[in-house]
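Below: the structure, in structure tokens.
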Amino acid sequence: MSIWEYANPRKFMSWTGPFVVLFSVLAALFVGVGLIWGFFFTPDAEGFGSTVKIIYIHVPAATVAINAWAMMLVASLIWIVRRHHVSALAARAAAPVGMTMTAIALITGAIWGQPMWGTWWAWDPRLTSFLILFLFYLGYIALWQAIDNPDTAADLTSVLCLVGSVFALLSRYAVLFWNQGLHQGASLSLDKQEHVADVFWQPLVISLAGFSFLFVALLLVRTRTEIRARRLHALEARERMVNA
Amino acid sequence: MIGLLARDLKLAIRAGGGFGLGLAFFLVVTVLVPFGVGPRPELLARIAPGILWLGALLACLLSLDRIFQLDFEDGSLDLLATAPIPLEGVVATKALAHWLTSGLPLTLAAPVLGVMLNLPSAGFGWLVISLLIGTPALSMIGAFGAALTVGLKRGGLLLSLLVLPLYVPTLIFGAEVARRGAEALAPGTPLLMSAGITAGAIAVLPFAAAAAIRVNLR
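Sequences listed follow chains A and H, in order. Read the first sequence against the working numbering and you will find it ends at 244, with the numbers running on by one and no gaps. Read the second sequence against the working numbering and you will find it ends at 462, with the numbers running on by one and no gaps.
The following block contains the structure:
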């Protein structure tokens, strides 16, 4: 029994069916609890007022946006090395979700930045790197849509994802070099004491878990849709063969 | 590989288009900038390095789809792929040919346009050096983008969308060298970073581009 057995589309479909329900429920539960707790049952932070509460959407969306790209990178590698179709389809399915999360992070950041920094947008390293990440998502999705043959599209987008990851990282550090930032440092990190007081931290972690579950649920739904679309395509092709 | 380089150079020069067009585009873009931002000399002096870098980058972009497209259409790319020299070498050679016909002339033309944009005299040397070191990366990254989109009917627009985000680090460090040079600051660090990106792109991207071409020729 190896993990690769789940790369079989039929096995993947039967296995993920119940998990879609499970993750959707978990996502609804955690996002609901995290946001309601964050919005209504935390005090206003000193110096920030109520605007600080946007953190419960902003930080999880940003985290998911970056990790979605990392997941696409892993899926692309698996596709290149082992050529499992589910892997390529999962990478394709993750891209729009990741792009939406990037957009959410940028928009909530702008809404927060307006009262706090007095500007909707600043060419701050973090903001700029996120904008560049958004452009990378855009190019990746555009390449998927431009190519008709699904295997060719999977190959080319995988190569683009690998090269893009290197350049996205490079851009991240180039942008740091280019301009000093307004954005505060990381709110959460594993190796340091957290920079956020416990009252804010607990609902944030719950919301973070909720957004992660949401990503997994959306990813599974979208991957299943892609598999079904592929099957439909094959059926139609067979139909045409029979009729011809 | 030398034969291929000579062939590509001949085609670029004799068939017209790529060679002069990029330079003319560079000229037009730089001429248009003062119309857009106003003719104040001190403002132009401040933005000149960035404008020249951006103009060179866009002029480079213009001729990217010619790297593989024509060879793909008339079938010579299939022959090159089955030729004894590795496809990675073909990609690197074609990127070099593209640089010789676009990056190098742009680099040499940049100081002339710098005069028009009132670039401070300290900046000319560093502008040329930064373009000389940075533009090979533009050609190499562009060759990768062209390899990705070579099989597409209308790949030009998509090519720009794919390649422009990849140009971000090169542009940042290159323009920073030129800016620091113009303001008489030490340009050492961005220059090294820029050279590192170029060297890394030349080392890695031929393999990625060759993989993409193999997929497209399949």
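In this text, a Cβ means the ideal position worked out from N, Cα and C, and glycines have one as well.
Chain A beta carbons: is any one of them nearer than 9 Å to that of residue i?
i: H:V459; result: yes
i: H:L449; result: yes
i: H:R284; result: no
i: H:P431; result: no
i: H:I377; result: no
i: H:P413; result: yes
i: H:T442; result: no
i: H:M437; result: yes
i: H:P328; result: no
i: H:P434; result: yes
Got a sec: is the Cβ-Cβ distance from residue i to anything in chain H below 9 Å?
i: A:D155; result: yes
i: A:L162; result: yes
i: A:V216; result: no
i: A:A168; result: yes
i: A:L232; result: no
i: A:S76; result: no
i: A:D191; result: Here A:D191 scores only 45 on pLDDT, less than 50, and its place in the model should not be relied on; the value that follows carries that caveat. Chain H contact via Cβ: absent.
i: A:W245; result: Any answer about residue 245 of chain A is impossible in this case: the structure gives chain A only from 1 up to 244.
i: A:F177; result: yes
i: A:S165; result: no
i: A:E194; result: Only weak support exists for where A:E194 lies, its pLDDT of 48 falling under 50; the value from the coordinates is given anyway. Answer no: the Cβ-Cβ gap between A:E194 and chain H never drops below 9 Å.
i: A:S87; result: no
i: A:A152; result: The sequence given here has Thr at residue 152 of chain A, not Ala. Yes, because at least one Cβ of chain H sits closer than 9 Å to the Cβ of A:T152.
State the Cα-Cα distance for the pair residue i and residue j, rounded to the nearest angstrom.
i: A:E194; j: A:W201; result: Since pLDDT at A:E194 reaches only 48, below the 50 mark, its modelled position is unreliable, and the value read off the structure follows with that caveat. Those two C-alpha atoms are separated by around 8 Å.
i: A:R231; j: A:T223; result: 12 Å
i: H:F316; j: A:A154; result: 21 Å
i: H:A289; j: A:W79; result: 50 Å
i: A:G109; j: H:P330; result: 48 Å
i: A:L169; j: H:G418; result: 17 Å
i: H:V277; j: H:E286; result: 14 Å
i: H:A455; j: H:D322; result: 14 Å
i: A:G164; j: A:V242; result: 42 Å
i: A:W22; j: A:V33; result: Before going on, a small fix: residue 22 of chain A reads as Leu here, not Trp. Approximately 16 Å, taken between the alpha carbons.
i: H:E332; j: A:H233; result: 35 Å
i: A:A122; j: A:L106; result: 11 Å
i: A:V20; j: A:R10; result: 15 Å
i: H:P409; j: A:V52; result: 32 Å
i: H:L352; j: A:V175; result: 28 Å
i: A:F41; j: A:S50; result: 12 Å
i: A:A91; j: H:L361; result: 46 Å
i: A:A88; j: A:W144; result: 11 Å
i: H:A443; j: H:L302; result: 21 Å
i: H:S365; j: H:G294; result: 16 Å
i: A:S189; j: A:P43; result: For A:S189, the pLDDT reaches just 49, beneath the cut-off of 50, and the residue's location in the model is therefore unreliable, although a value from the coordinates is still provided. Cα to Cα, the separation comes out at about 23 Å.
i: H:F368; j: H:L392; result: 36 Å
i: A:F215; j: H:L298; result: 38 Å
i: A:L135; j: A:A244; result: 44 Å
i: H:A256; j: A:A93; result: 41 Å
i: A:V171; j: A:A70; result: Per the sequence shown, the amino acid found at residue 171 of chain A is Ser instead of Val. Going by the C-alpha atoms only, they are around 16 Å apart.
Take the Cβ of residue i as the centre, count every other Cβ of all protein chains shown within 10 Å, and call the residue buried at 16 or more, exposed below.
i: A:D191; result: Note that A:D191 has pLDDT 45, beneath the 50 cutoff, so the model's placement of it is unreliable and the number below is only indicative. The residue in question, A:D191, is exposed, as its Cβ has fewer than 16 Cβ neighbours within 10 Å.
i: A:E5; result: exposed
i: A:G210; result: buried
i: A:W15; result: exposed
i: A:I132; result: buried
i: A:S212; result: buried
i: A:T119; result: exposed
i: A:E226; result: buried
i: H:G378; result: buried
i: H:L429; result: exposed
Does the distance between the C-beta of residue i and the nearest non-hydrogen atom of the ligand MN fall short of 8 Å?
i: A:L208; result: With respect to the ligand MN, the structure shown offers nothing to examine, as it has no ligands at all.
Of the residues that make up the stretch 130 to 144 of chain A, which ones have a beta carbon closer than 8 Å to any beta carbon in chain C?
This model lacks chain C altogether; the protein chains it does include are A and H.
Does the stretch 447 to 462 of chain H come close enough to the stretch 381 to 392 of chain H to have 3 or more Cβ pairs within less than 8 Å?
They touch, by the three-pair rule.
If contact is defined by three or more beta carbon pairs under 8 Å, each pair taking one atom from either stretch, is the stretch 134 to 141 of chain A in contact with the stretch 97 to 104 of chain A?
The stretch 97 to 104 of chain A is in contact with the stretch 134 to 141 of chain A.
Are the stretch 386 to 403 of chain H and the stretch 267 to 279 of chain H touching, with three or more C-beta to C-beta distances below 8 Å?
Because the criterion of three Cβ pairs below 8 Å is not met, the stretch 386 to 403 of chain H and the stretch 267 to 279 of chain H do not touch.
Using 8 Å as the cut-off, can you tell me whether the stretch 294 to 312 of chain H makes contact with the stretch 328 to 344 of chain H, which would need three or more C-beta pairs spanning the two stretches below that distance?
Because the criterion of three Cβ pairs below 8 Å is met, the stretch 294 to 312 of chain H and the stretch 328 to 344 of chain H touch.
Could you say if the stretch 420 to 436 of chain H and the stretch 371 to 379 of chain H meet the contact criterion of at least three C-beta pairs nearer than 8 Å?
Touching, per the Cβ criterion.
Which residues of the stretch 395 to 423 of chain H have a Cβ closer than 8 Å to any Cβ of chain A? Give them in chain order.
When C-beta distances to chain A are compared with 8 Å, the residues of the stretch 395 to 423 of chain H below that value are G395, L396, G399, L402, L405, L406, L408, P409, L410, V412, P413, I416, F417 and E420, in chain order.
Report the residues of the stretch 14 to 45 of chain A with a CB closer than 7 Å to any CB of chain H, ordered along the chain.
Under the 7 Å Cβ criterion, the stretch 14 to 45 of chain A contributes no residue.
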